[in-house]
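A.B. asks: The sequence shown begins at 11 in the numbering used here and counts up one residue at a time.
Just so you know, even glycine gets a beta-carbon here, dropped at the ideal spot from N, CA and C.
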Amino acid sequence: MLKRLQLIILIIISILWFVVILPYLLVQTQLGSSYISQLLSFYDKHYSITIGHFSHNINKPYELILENVIIQDKSHSKTYLSADKMIVGLERGNLLQIHSFDYLIVENAQLQLTTPITDINVNILQLKNVSLSYQNDEHTTNITLNKISGSIMPWSSNFGDENINSKFNLTIQNAIYNGLKMQSILIQGSTPNNTIVLNTFGGEIGQGFFTVNGTIEADKTLNIKQLNTNNIAIQSIQGIQGLTADLPPTKIGQLSIINSSLQTPAISIEKGNIEARNIRYNQGWQLQDSDLAFNSESLVWHDELIEQPLLQWHHNDDGIVIDQAMAMWQQGNIQLTGHWQTDQLNIDSLIASGIRYILPSTWYAELTSLTLTHTLPANITIKQLMLMPSLLIDTNPKLPFQFSVLQGFANNIEIDSSKDNWYVNGTLYLKADSATLNGVEIDKPDLSFALTAGKATLTFSTLLDQGVFEGSAEMTSPTQLNALTINGHFVDSQILQRWYLITNPIQTNKYLLELHGNLEPLSLNGSFKTDEQIYTITNNRLVDY
Numbered sequence: 011m012l013k014r015l016q017l018i019i020l021i022i023i024s025i026l027w028f029v030v031i032l033p034y035l036l037v038q039t040q041l042g043s044s045y046i047s048q049l050l051s052f053y054d055k056h057y058s059i060t061i062g063h064f065s066h067n068i069n070k071p072y073e074l075i076l077e078n079v080i081i082q083d084k085s086h087s088k089t090y091l092s093a094d095k096m097i098v099g100l101e102r103g104n105l106l107q108i109h110s111f112d113y114l115i116v117e118n119a120q121l122q123l124t125t126p127i128t129d130i131n132v133n134i135l136q137l138k139n140v141s142l143s144y145q146n147d148e149h150t151t152n153i154t155l156n157k158i159s160g161s162i163m164p165w166s167s168n169f170g171d172e173n174i175n176s177k178f179n180l181t182i183q184n185a186i187y188n189g190l191k192m193q194s195i196l197i198q199g200s201t202p203n204n205t206i207v208l209n210t211f212g213g214e215i216g217q218g219f220f221t222v223n224g225t226i227e228a229d230k231t232l233n234i235k236q237l238n239t240n241n242i243a244i245q246s247i248q249g250i251q252g253l254t255a256d257l258p259p260t261k262i263g264q265l266s267i268i269n270s271s272l273q274t275p276a277i278s279i280e281k282g283n284i285e286a287r288n289i290r291y292n293q294g295w296q297l298q299d300s301d302l303a304f305n306s307e308s309l310v311w312h313d314e315l316i317e318q319p320l321l322q323w324h325h326n327d328d329g330i331v332i333d334q335a336m337a338m339w340q341q342g343n344i345q346l347t348g349h350w351q352t353d354q355l356n357i358d359s360l361i362a363s364g365i366r367y368i369l370p371s372t373w374y375a376e377l378t379s380l381t382l383t384h385t386l387p388a389n390i391t392i393k394q395l396m397l398m399p400s401l402l403i404d405t406n407p408k409l410p411f412q413f414s415v416l417q418g419f420a421n422n423i424e425i426d427s428s429k430d431n432w433y434v435n436g437t438l439y440l441k442a443d444s445a446t447l448n449g450v451e452i453d454k455p456d457l458s459f460a461l462t463a464g465k466a467t468l469t470f471s472t473l474l475d476q477g478v479f480e481g482s483a484e485m486t487s488p489t490q491l492n493a494l495t496i497n498g499h500f501v502d503s504q505i506l507q508r509w510y511l512i513t514n515p516i517q518t519n520k521y522l523l524e525l526h527g528n529l530e531p532l533s534l535n536g537s538f539k540t541d542e543q544i545y546t547i548t549n550n551r552l553v554d555y
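In structure tokens, the structure reads:
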């Protein structure tokens, strides 16, 4: 009886050895790992799976440890996952299910995605030092995430399942999104009701940082409650356009940009700050019902330095209402109010004071070619223009001039730059305490510019050489003088030579000068009248004198 019992026990042990223990030991060898890889690849219709080493701890019967794991796409032979180590927690009620797990720990892995992962569900997904790259050629989206660590509970590759409400907490050492580099990223949130809630999304960009909270809705639209950036440096407009190229419809409730800079060939901003509300993006920025406040330490626009600019606006049914705009320019101050609608800018008030402006050497050429007007809105109306005491200087050696304590005003100026040629309508009145024109001192000059479509009329008077110098001029282009009339009362006629009007004037102090012709190159014709005689002028010269 005892011998029979011993035989039965020996048979049971043998069965256990060959049926359970030996396969259990063999499966943890290289040969066993290869067999498991083939078995998993056979049963999975999407992926080819290779396992370098398989191990199991009897104390954790539902846990499998996989090393040197490679997962490839069967149809394209592309490597999706290469991981040094994966710890798989099997679901106790369904041990043979290879698409659903209790937990999955991925360590030191490279994950490359060109198409979405399918049919994988995990109650707890934990990542340790995982790098991910994603490329979508259709939408020109490129994302690289390096050294991801954290957890997602639960996680499903079938995003959009309303029955799954995941919570995630991830850190990323560095990332690149369409060329934008970020570091030290933290992402925390959840996915209720087929949406993604970002409670915290922040990181470093260059020497600065950003934080975001909001939601990604089920229809892929972005609803950002708050977006904050600090000390961000943007090097090109193309960089901004790259970020928004594939941006879905987006609403930003509160935008704060602090102590940031922008560097482009046309514009440069240093230490800029923006506070904005209710900004939308849908294939372009939309400002309906928005308001904005902007200031910076300095701004350079087309080589013009503007210091301490401040801009505040809000948007209503009439467009953008400019509540306040002011800046320091050329050692003075400029401020304006108005509103802007599409290509129409209406300035209610424009005040400049304390300006010390030296005209650039190319100002006349730029005025002739009209190169600056194309940066303006198509139509501009200035209801009130005021120039408080300022200084205007031209250092052109041919005809330098300076106006000191220059003041002026104008009402209802209209500028139309919608066509190839631009037109200005309105009248500008200017006066100065003193001036010099090519070394000739002028006292109390008084000028008015009447501008209509295609024509400019100048009326002027001044005290000069203990007399009065007055007249008018009419021009149809910056290079064409239609008519110039000058009356000199007790003013030495030799001044006309200093101003290149007549090269050989006769000596008199009372005269009437009438000219017309080209200003560039200078070629004027007309007459010179005194009390005794009338002289003909050809090419700036008295021909019968």
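1. Buried or exposed: which applies to A276, given that a residue is buried once 16 or more other Cβ atoms fall within 10 Å of its Cβ?
2. Can you tell me the Cα-Cα spacing of A337 and N389, whole angstroms?
3. Got a sec: does the ligand GTP put a non-hydrogen atom nearer than 8 Å to the Cβ of G449?
4. Evaluate contact between the stretch 483-497 and the stretch 441-448, counting only Cβ atoms and requiring at least three cross-stretch pairs below 8 Å.
5. Which value, in whole angstroms, describes the spacing of the CA atoms of K393 and I197?
6. Relative to the C-alpha of D328, which residue among P319, E307, W350 is closest?
7. Just verifying my parser: in three-state terms, what is the DSSP assignment at R102?
8. How is Y374 classed by DSSP in three states: helix, strand or coil?
9. Tell me where the beta strand (DSSP E) around L265 begins and ends.
10. Which residue's Cα is closest to the Cα of D541: L525, V553, Q517?
11. What are the start and end residues of the beta strand (DSSP E) that includes Q490?
12. Starting from N305, follow its DSSP beta bridges and name the residues at the other end.
13. May I have the straight-line CA-CA distance separating T391 from F413, to the nearest angstrom?
14. Are the CB atoms of N156 and N184 within a distance shorter than 9 Å?
15. Answer with buried or exposed for V415, where buried requires no fewer than 16 other C-beta atoms within 10 angstroms of its C-beta.
16. Sort S266, F304, L309 by Cα distance to E280 and report the nearest one.
17. How many Å lie between L397 and Y187 at the Cα?
18. For V553, count the other beta carbons within 10 Å of its own beta carbon; 16 or more makes it buried, fewer makes it exposed. Which is it?
19. Compute the beta-carbon to beta-carbon distance between S270 and I316, rounded to the nearest angstrom, for a pair I have assumed lies under 8 Å.
20. Considering only the alpha carbon of each residue, which of K230, H325, L395, K95 lies closest to Y439?
21. By the three-class DSSP mapping on this structure, what secondary structure does N550 have?
22. Below 8 Å on the Cβ atoms is my guess for K84 versus H56; work out the distance and round it to an integer in Å.
23. Mark Y510 as exposed unless 16 or more other C-beta atoms lie within 10 angstroms of its C-beta, in which case mark it buried.
24. Whose C-beta lies closer than 6 Å to the C-beta of N305 among residues of the same chain, with five residues either side of it excluded?
25. So who's on the other strand from V331, going by DSSP bridges?
26. With a threshold of 7 Å on Cβ separation, who are the neighbours of K539 within its own chain once the five nearest residues in sequence on each side are excluded?
27. From N549 to I403, what does the alpha carbon distance come to, in whole angstroms?
28. Comparing C-alpha positions only, which one of L360, N497, Q296 sits nearest to G556?
29. If you follow the alpha helix (DSSP H) that I505 is part of, which residue opens it and which one closes it?
30. Can you check DSSP and say which residues form a bridge with M396?
31. Is the separation between the beta-carbon of Q136 and that of S161 shorter than 9 Å?
32. I need the boundaries of the beta strand (DSSP E) containing K565, first residue and last residue.
33. Count the other CB atoms, across all protein chains shown, that sit within 10 Å of the CB of Q543; report buried if there are 16 or more and exposed otherwise.
34. Is it true that the CB of L76 sits closer than 9 Å to the CB of L100?
35. Could you give the DSSP three-state label for P202: helix, strand or coil?
C.D. replies: Reading it off the structure:
1. exposed
2. 23 Å
3. Because no ligand of any kind appears in the structure shown, any question about the ligand GTP cannot be addressed here.
4. no
5. 51 Å
6. W350
7. coil
8. helix
9. 260-273
10. Q517
11. 490-499
12. N283, L320
13. 26 Å
14. yes
15. exposed
16. L309
17. 49 Å
18. exposed
19. Not confirmed; about 17 Å, so no contact.
20. L395
21. coil
22. 7 Å
23. exposed
24. N283, L320
25. H324, H349
26. Y521, L522
27. 28 Å
28. The structure shown does not extend to residue 556, since the chain is modelled only from 11 through 555, so no value can be given for it.
29. 505-508
30. I361, F419
31. yes
32. Missing from the structure shown is residue 565; the chain here goes from 11 to 555 and no further.
33. exposed
34. no
35. helix
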